[in-house]
Amino acid sequence: MAKQTTKKQTPMMRQFDEIKAKHPEALLLFRVGDFYETFGSDAEKAARTLDIILTKRSNGSASAIALAGFPYHALQTYLPKLVKGGHRVAIVEQLEDPKTAKGLVKRGVTDMITPGINLNSALLSGKEHNYLAALYPAKKGNWGLAIAEISTGAFFYAQHSDEKILNALHTYCPKEIIHPRDIDGVLKKKLEEDFYLFGVDTWAWEAQYTLEQLEAQFKTKGL
123 MAKQTTKKQT PMMRQFDEIK AKHPEALLLF RVGDFYETFG SDAEKAARTL DIILTKRSNG
183 SASAIALAGF PYHALQTYLP KLVKGGHRVA IVEQLEDPKT AKGLVKRGVT DMITPGINLN
243 SALLSGKEHN YLAALYPAKK GNWGLAIAEI STGAFFYAQH SDEKILNALH TYCPKEIIHP
303 RDIDGVLKKK LEEDFYLFGV DTWAWEAQYT LEQLEAQFKT KGL
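For our numbering, count along the sequence shown from 1 and bump the result up by 122.
This is the structure we're talking about:
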């Protein structure tokens, strides 16, 4: 009986998998020559959101994989549709000239665009704010709330009960709310009905870490 051989991944697909592993929640727009390609579940989401053709071929994978893409010059047409469709999008660019690269072209994430974090003019409206909110459980059943407008620098914060927090969020209507990944409960369920939520690992909310980040951002010692 002939020996079965397992098809190995190409270096490019291994590169894609490595980058995807670092950004599992993001839809990767992976630059390949003159196109941005999406693979696997990303391709299925992109094809559905953008109404573009979804194909399936090996493309260097161990088995057939879903594939969808568009020309690089159409990025400003398709990117807003992906973000407005509720996707976090990571732009993966070629970091060196393919003509002079030795072996696999180096690639890396050069931009991350989400519903609440973007400075792309095609995604911003002059008629409404693009607020990003952060929600964290505080003492005595209250919640800490911070709201920022990344494009203007406006910033607000407060600490209130569930009801007042809900009222504040419905007043500001943030495009995205980030929160500790492990929170649950009635408030989260209510928010899921009206807002785009994104959970962040617990370590990112630790007081010392956040203090260091703020001091670095504002170039100061102590707040």
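All C-beta atoms, glycine included, are put in the ideal place defined by N, C-alpha and C.
Just so we're clear, the structure is a prediction, and the values are computed from it rather than from any experiment.
Counting C-beta pairs closer than 8 Å gives three or more between the segment 185-199 and the segment 154-163, which meets the contact rule. Taking the Cα of Asp173 as reference, the smallest distance to any Cα among Ile187, Phe192, Gly162 is reached at Phe192.
Per DSSP, reduced to three states, the secondary structure at Gln137 is helical. Contact annotation: Val214 and Leu150 have beta-carbon atoms nearer than 8 Å. Closest by C-alpha distance to Asn289, out of Leu309, Pro133, Asp219, is Leu309. Distances from the CA of Phe278 to each of Arg303, Arg170, Ala186, Tyr294 were compared; the closest alpha carbon is that of Tyr294.
Here Ala260 carries a coil assignment [DSSP, helix/strand/coil].
Scanning its chain for C-beta atoms nearer than 6 Å, with the 5 sequence neighbours on each side dropped, one finds around Ala270 the residues Leu254, Phe277, in chain order. Under the DSSP definition of a beta bridge, Arg153 partners with Tyr158. Straight-line spacing of the CA atoms in Lys262 and Ile287 works out to 14 Å.
Straight through space, the alpha carbons of Thr171 and Leu204 are spaced by roughly 6 Å. When DSSP reads this structure, Val231 sits in a beta bridge with Val214. As the crow flies, the alpha-carbon of Leu241 is around 18 Å from that of Tyr318.
Within a 10 Å sphere around the beta-carbon of Asp323 sit fewer than 16 other beta-carbons, which makes this residue exposed. Collapsing the DSSP output to three states places Glu271 in a strand. Per DSSP, Tyr331 is one residue of the alpha helix (DSSP H) stretching across 329-340. In its chain, beyond the 5 residues on either side, Leu149 have a beta carbon closer than 6 Å to the beta carbon of His209.
Listed as beta-bridge partners of Gly191 by DSSP are Glu159.
In the structure shown, the three-state DSSP call for Pro202 is helix.
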